[in-house]
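Numbers given in the numbering used here equal positions in the sequence shown, counted from 1, plus 1368. Cβ atoms here follow ideal geometry from the backbone N, Cα and C, with glycine treated the same way. Accompanying notes for the structure given below.
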Amino acid sequence: MRKLASSDMRRAFWRSISWEFFLAALTVPASILLNRSLGAEGRGLLTLVQLVPTTIFTLGTCQWDRLAKGAITSGQMTSAEAWRRTKYYAVILSAVFIPVSIVGSLFYEAVPLESRWLSVLYSFNFPLYFLKGSLGAIFLAAGSITGQYRMNVGYQGGYLVLLTLYFLTGTISVEGMLVIYVLIYALSYWIGLAMKKEILRGAVETTKPTLSPLRKGFIPFALETLGGRADDWAFSFFADLATLGSYAAITALMMPMNLISNAMLNAATAKLNWSDRAAVLRYLVKSILILLGFTVLVSVLGLAFGKSTLYFVLGKSFADAAWMIPWVAGIVLANAAGFQFHIALQLSGREKEYLVIQAATPAARLVLALACGAMFGSMGIVIGLIANGIIRTALCAGVMFGKGARAS
């Protein structure tokens, strides 16, 4: 039985990793086009303009996508019921968080006054953001890896096509990029709608959905959301636009590491026996070793060829940021490790510990990034982010596998 489960995991992993690298083949060229066209300062401005809306978007989901995924995989809710609730919550949450995003965008002083209207307009993308993310999570929890990846291909493929058209006409701008983001969110969501009958199964309740799951997860998720964007917030406070743009561009080039992490987690979500601590430990150790290998490889190549690579791939305005490559690789590794261990807590049924760590470590991430940034500038931000990822991983590992850890 264990051999059969292991075989299913391997097949799911390779199917998932194939999809992830296909997505990378769409995303990396688009990222290169974007960064070469906007330059370091333009890329920094795009990040700033999106910072308040995207932070509010993530906050406004109240982690429903994760809660729905956990409820489906644990048998507490059917996929059909999860989708019914998703549509109901989309209306309620949009009415609350679109105005919040608009007000926040108008008063965020780091964004130049003449560009704040872009943030305001982008705030209306929240419903698409919520529906797309939730539907993708339902596909994954229902065992349809292919369905979720088809949605992602629509998103990334549309991104590449539209960005290429802008590039060929020489009209890429921050304003145009925001239009592209809205269009590709819509495309991805429509693809999901066309396939949803494949996975919407089971009983549907007739009573009005309760808001208690959203309230329960809101405070810890609010802290996680702010902590999750701690890097961009810190760079917006303590660095110039070029440094912020360079950080965003180099982080995007680290996508293969995130793709591998996502592929492993997606393959394991519906296939791994999360109540088997030994199996979970084996999975996590393998995941970290694979990610560590990629980090070492990227760091060595970055030290040897970083400046010339950034000059060739992204353009002259990014070349001086080569020092960031090994450090950003370290941030990506620490974040991926922390995320793997944290999600393992949730999928193993340790909801209480999951929520406590979800509240604590992002708050620490925000404090570390801002405090270290205030004292040591860009380098301090980087060190603070790496330290937080290590702390998060250690806390989750202690809860799951420490001496006092209980069996799930």
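- Residue W1695 holds the alpha-carbon nearest to the alpha-carbon of V1666 among V1459, D1600 and W1695.
- Contact annotation: L1633 and F1709 have beta-carbon atoms that are not nearer than 8 Å.
- Under the three-pair Cβ rule at 8 Å, the stretch 1451 to 1470 does not count as touching the stretch 1382 to 1393.
- Here the alpha carbons of V1547 and F1492 stand approximately 12 Å from one another.
- With contacts defined by Cβ atoms closer than 8 Å, S1512 and E1566 form a contacting pair.
- By the Cβ rule, the stretch 1405 to 1414 counts as touching the stretch 1531 to 1544, because three or more pairs are nearer than 8 Å.
- Secondary structure of K1576 (DSSP, three-state): coil.
- For I1587, the number of other beta carbons within 10 angstroms of its own is below 16, and it is reported as exposed.
- In this structure, A1702 lies away from G1661, with their beta-carbon atoms at least 8 Å apart.
- Out of T1514, W1642 and A1704, the CA that lies nearest to the CA of I1656 is found in A1704.
- In this structure, W1601 is the residue among N1630, A1635, W1601 and I1751 with its C-alpha nearest to the C-alpha of G1412.
- By the neighbour-count definition (other C-beta atoms within 10 Å, threshold 16), K1500 is a buried residue.
- Cα atoms of A1755 and I1725: separation of roughly 15 Å, rounded to the nearest angstrom.
- When secondary structure is reduced to three states using DSSP, W1601 falls in the helix class.
- In the structure shown, N1641 falls within a coil segment according to DSSP collapsed to helix, strand and coil.
- By the 16-neighbour rule on beta-carbons within 10 angstroms, M1743 is exposed.
- If you look at E1721, you'll find it in the alpha helix (DSSP H) that goes E1719 to F1769.
- A straight line joining the alpha-carbon of D1599 with that of T1578 spans about 34 Å.
- Of the other Cβ atoms in all chains shown, 16 or more fall within 10 Å of the Cβ of V1700; this residue is therefore buried.
- Rounded to the nearest whole angstrom, the C-alpha separation of M1545 and V1468 is 22 Å.
- Within the stretch 1470 to 1548, the runs of alpha helix (DSSP H) that reach at least 4 residues and sit entirely inside it are, in chain order, 1484 to 1490, 1494 to 1509 and 1513 to 1537.
- Ranking C1430, A1762, A1616 and G1526 by CA distance to the CA of L1713 puts A1762 first.
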